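Student:
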Amino acid sequence: MRRVISVQAAALAAVALYAGSVPVAAHAQSIPGQQQGQRDRQQGQQEEEGASRRPARIAPLNQRANAGPCPYVKILYDAARYVELADNRPAVANVGYTGEIEGVTAGCSYRGDDPITVQMDLLFNLGRGAQATADQRTYRYWIAVTARNEAVLAKEYFDLPVDFEGARTASVTQEKTIVIPRADSETSGSNFEILVGFDVTPEMAAFNRDGSRFRVNAGTAPVAQPPAQ
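Each position in the sequence shown, counted from 1, maps to that position plus 687 in our numbering.
1. In or out: VAL887 buried (at least 16 other Cβ within 10 Å) or exposed?
2. Buried or exposed: which applies to ALA773, given that a residue is buried once 16 or more other Cβ atoms fall within 10 Å of its Cβ?
3. Please classify VAL760 as buried or exposed, where buried requires at least 16 other C-beta atoms within 10 Å of its C-beta.
4. Do GLN823 and VAL782 have their CB atoms nearer than 8 angstroms?
5. Going by DSSP, what residue range makes up the alpha helix (DSSP H) through ALA893?
6. Suppose you measure from the CA of SER877 to the CA of THR860; what does that come to, to the nearest Å?
7. I need the straight-line Cα distance from PRO802 to ARG835, nearest angstrom please.
8. Starting from TYR769, trace the beta strand (DSSP E) both ways and give me its first and last residue.
9. Helix or strand or just coil, what does DSSP make of GLN721?
10. For SER899, count neighbouring C-beta atoms within 10 Å of its own C-beta (all shown protein chains included) and say buried if the count is 16 or more, exposed if not.
11. Quick one: give me the first and last residue of the beta strand (DSSP E) that GLN818 is part of.
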């Protein structure tokens, strides 16, 4: 089930629509002889029918056009990655649990003076380094709604329990629904911004801000020993 976040409305400034989609690849089989054209057409029809039956990654909220653009959705750079480091020392041998918000897709719907309903899919890649001691780990992340480029209107934290099941990496998807009330029908989605990030310590935020990073599988291989003298 989708978790619904409701925030108070505010009308401010401009801009954009962020949405994601998953491309579908079609493969045509090469068949010699006069039947190739007919078989290609049949295969194309079957693929089109299959694509029409395939559920969308984000289900369309309504086929009718929105009253305006959707809120801008993005991952906050300082909180896009989660890296635990023993003694806060950046070395592969010191890496504990890691995580990265790999991507966010979103779609919205609103008409008249209805609230803006935003559906989001979030993809997390998680890892266990040399200092990780267990198969299970509960990460925390947050979603915030802001008046664009200004005040935070609402912020909520979520737990992300992960069972690595003996592996060093795992991928988890989360679905969330956000409802943003509007002051009136003139308030568009471009007045709002939705931010996503891990719940990180100040040291982790500084590590991310400096552009430093370890991949989610950092520390999973044994540390190379120097050659014998």
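Built from N, CA and C at the ideal position, the CB exists for glycine as well. Predicted model only: the values in this text are computed from it and were never measured.
Tutor: According to the structure shown:
1. On the sequence shown, position 200 is the one that residue 887 refers to. It is buried - the Cβ of VAL887 has at least 16 other Cβ atoms within 10 Å.
2. As a working note, residue 773 is residue 86 in the sequence shown. Exposed, by the Cβ-count rule.
3. Counted from its first residue, the sequence shown places residue 760 at position 73. So VAL760 counts as buried.
4. Taking the sequence shown and counting its residues from 1, the one referred to as residue 823 is at position 136. Taking the sequence shown and counting its residues from 1, the one referred to as residue 782 is at position 95. Against a cut-off of 8 angstroms, the Cβ pair of VAL782 and GLN823 comes out as no contact.
5. Position 206 of the sequence shown, counting from 1, holds the residue named residue 893. Run containing ALA893: 889-896, per the alpha helix (DSSP H) assignment.
6. Mapped onto the sequence shown, residue 877 falls at position 190. Mapped onto the sequence shown, residue 860 falls at position 173. Approximately 26 angstroms between the Cα atoms of the pair.
7. Reading the sequence shown from its first residue, position 115 is the one you call residue 802. Reading the sequence shown from its first residue, position 148 is the one you call residue 835. Each residue's Cα considered, the two are about 17 angstroms apart.
8. Taking the sequence shown and counting its residues from 1, the one referred to as residue 769 is at position 82. Run containing TYR769: 768-772, per the beta strand (DSSP E) assignment.
9. Position 34 of the sequence shown, counted from the start, is the residue given in the question as residue 721. Unreliable placement is indicated for GLN721, whose pLDDT of 45 sits below 50; the coordinate value is still reported in the next sentence. Of the three classes helix, strand and coil, the one that applies to GLN721 here is coil, per DSSP.
10. Position 212 of the sequence shown, counting from 1, holds the residue named residue 899. Exposed.
11. The residue you call residue 818 lines up with position 131 of the sequence shown. Run containing GLN818: none; DSSP gives neither H nor E here.
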